[in-house]
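Chemist: Its first residue numbered 101, the sequence shown is counted upward by one per residue in our numbering. For each residue, glycine too, the CB sits at the ideal point set by N, CA and C. As the structure is a computational prediction, the values presented were derived from the model and not from experiment. Handing you a structure now.
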Amino acid sequence: MTSPAGQLDLRGGHPAIDFVNTVAWRGDDARRIDHLGDYADAIAWCRHAGVVSSREASELIRAARADVSTAAHALTRAKRLRESLHALWIDGAQPAFDAVAAAYADALRHRRLCPVERHVTWIDRQLAVRTPFDRLAVAAVDLLTEVTFDQVRRCDDSACGWLFLDNSHRQNRRWCSSADCGNRDRARRHYGRARR
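This is the structure:
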C-alpha cells in the first residue's frame, strides 16, 4: 500500500520547508494531521521529495524492519528537527536555532567531506536509518544560511499553517497555494461581503 506521505504537495520551495509541512492544518487542532505516522511514511515522503533515491528507500525500509527500535528513534529525532524548524521560522526563538544546530552538528558526524569532480561536497559515510534526516538537517542549515530569514513565510490561511519560500519578485506571496488557501480566503471574503 502506498503511503499518503509519498503524495503530499511539495509547495514549500525547499525540502526542509516541505518537511515541516508534513504536518497539515497546524492552526486547526481538529483537522491537524501528522503525515509521518511511522518510519515507512517518512521514507515514502523522503523518496517523493527527492531526499533519497528509490534504491535507498528500499534499503532503508529493509534496515528499519531489521531494527525497529533504531528506526523509531530516528523518526522521533526527525520529528524533533521538524518541530524545531517550524518554531525557528515562526517564532525565531533561540532554543529552536540551538536544536537545529545540534541536529546539524550530529548529522555532520555521520558524513565526510569529499572531492566530487571539481567540487567538494558532503557524502554519507554509510546509508543508515538516520541518513535521510541527517540530509534534511544539512539542507535546512544550508537554506538558513542562503536566504534571508523573512523569505520563509507562513501561509496567510491561519488554519493551514504551511510554510513556503517566498521567491516572488515583490516578496509578497501570501499563501502556500493561491489555488487552495488563496481561493478559500477569497471565497470567505466574498461570502462576507455578500452577507452585508
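Please go through the same chain and pick out, in chain order, the residues whose beta-carbon is closer than 7 Å to the beta-carbon of Leu110, but skip the five residues on each side of it.
Modeler: The residues are Asp118, Ala149.
Chemist: Please go through the region 169 to 223 and give each complete beta strand (DSSP E) segment of 3 or more residues, from N-terminal end onward.
Modeler: The region 169 to 223 contains these whole beta strand (DSSP E) runs: 211 to 216.
Chemist: Rank Val241, Arg155, Glu183, Gly137 by C-alpha distance to the C-alpha of Ala172 and give the top, closest one.
Modeler: It is Gly137 whose Cα lies nearest to the Cα of Ala172.
Chemist: Between which two residues does the alpha helix (DSSP H) carrying Leu263 extend?
Modeler: First-last for Leu263: 263 to 265, but that is the beta strand (DSSP E), not the alpha helix (DSSP H).
Chemist: Which stretch, first to last residue, makes up the alpha helix (DSSP H) that contains Arg225?
Modeler: Premise fails: Arg225 is in no alpha helix (DSSP H) and is neither H nor E.
Chemist: Rounded C-beta distance between Leu181 and Tyr139? I'm assuming under 8 Å.
Modeler: Not quite, the Cβ-Cβ distance comes to about 15 Å (not below 8 Å), so this is no contact.
Chemist: Where does Val252 fall in DSSP's three states?
Modeler: Val252: strand per DSSP, three-state reduction.
Chemist: Anyone know if the C-beta pair for Leu263 and Arg254 falls short of 8 Å?
Modeler: Result yes, Cβ atoms of Leu263 and Arg254 sit closer than 8 Å.
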